[in-house]
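Residue numbers (this note's numbering): 101 to 357.
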């Protein structure tokens, strides 16, 4: 059982580092192998692994990828507080409220990325340099609002947070996939941390198991971060399409059942 959870956490870390969606791997495994555990404890324990792996991937990516520091400095506090709010709402609302919305968004995103091959490609310079920054105006403001909404979603429900962040940063701010992945990791680390604080105060985190899974998640995240840097935008785009498709199917099946 523990070996399967460790392997699943490593795989989740890899997927999270590339395009997000690792929670779809580890959370179900926790619920399957620990059937008597409340769902909120599985989600909370996943946050321990996720925040560790995501932070690790962020550090690796920031060594070679430039990001919009102004956007990050404003977006991180928004993500942190919004995720905490989402975690508080988790005990008050049903996941069924957000599942249909998530499915629709994932299908729309998948179709858009598939039909627009240029989406996420760098316009100028090396793939790790990004396009000309959009540092103001309505797109920048909407991106910050979207980051806040996605952060609430992460604290409340979670799967696909990194993927949604990548889409927002790429579509609204014209970033290539590499820079979008890097900034998404920064924001996702903040959302995981904000939610984890609330879950810790609620006493629902399985810390001993979470720390073990965190180590495995970091290993997977490091491999994923290196793949992003070496393989470039084409690899990220392909992985994004695969993960979006899998998430849409998984959420639809869960909703119908």
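C-beta atoms are modelled at their ideal positions from N, C-alpha and C, and glycine is treated no differently.
- In its chain, beyond the 5 residues on either side, 158, 172 have a beta carbon closer than 6 Å to the beta carbon of residue 286.
- Just measuring C-alpha positions, the residue of 145, 136, 102, 340 sitting nearest residue 305 is 145.
- Counting the other CB atoms within 10 Å of its CB gives residue 111 a total of 16 or more, which places it among the buried residues.
- Taking C-alpha positions only, residue 133 is separated from residue 240 by approximately 43 Å.
- Between residue 336 and residue 277, the CB-CB gap stays under 7 Å.
- Residue 249 and residue 176 have their C-alpha atoms spaced approximately 13 Å apart.
- Only buried fits residue 293, as 16 or more other CB atoms lie within 10 angstroms of its CB.
- Take residue 165, set aside five residues on each side of it, and the residues of its chain with a beta-carbon closer than 7 Å to its own are 228, 278, 279, 282, in chain order.
- Assigned with DSSP and collapsed to three states, residue 118 falls in helix.
- For residue 146, the secondary structure class from DSSP, reduced to helix, strand or coil, is helix.
- Counting along the chain, the unbroken alpha helix (DSSP H) around residue 263 starts and ends at 261-273.
- A residue is called buried once 16 or more other Cβ atoms fall within 10 Å of its Cβ, and residue 347 is buried on that count.
- Shown here for residue 147: same chain residues with a beta carbon closer than 7 Å to its own, the five before and five after excluded, namely 292, 295, 296, 299 in chain order.
- Ranked by Cα distance from residue 261, the options 140, 355, 118, 141 are led by 118.
- For residue 184, the enclosing alpha helix (DSSP H) covers residues 169-189.
- Between residue 302 and residue 339, the alpha-carbon positions lie close to 35 Å from each other.
- Here the C-alpha atom of residue 343 lies approximately 16 Å from the C-alpha atom of residue 128.
- The residue among 355, 314, 242 with its C-alpha nearest the C-alpha of residue 107 is 314.
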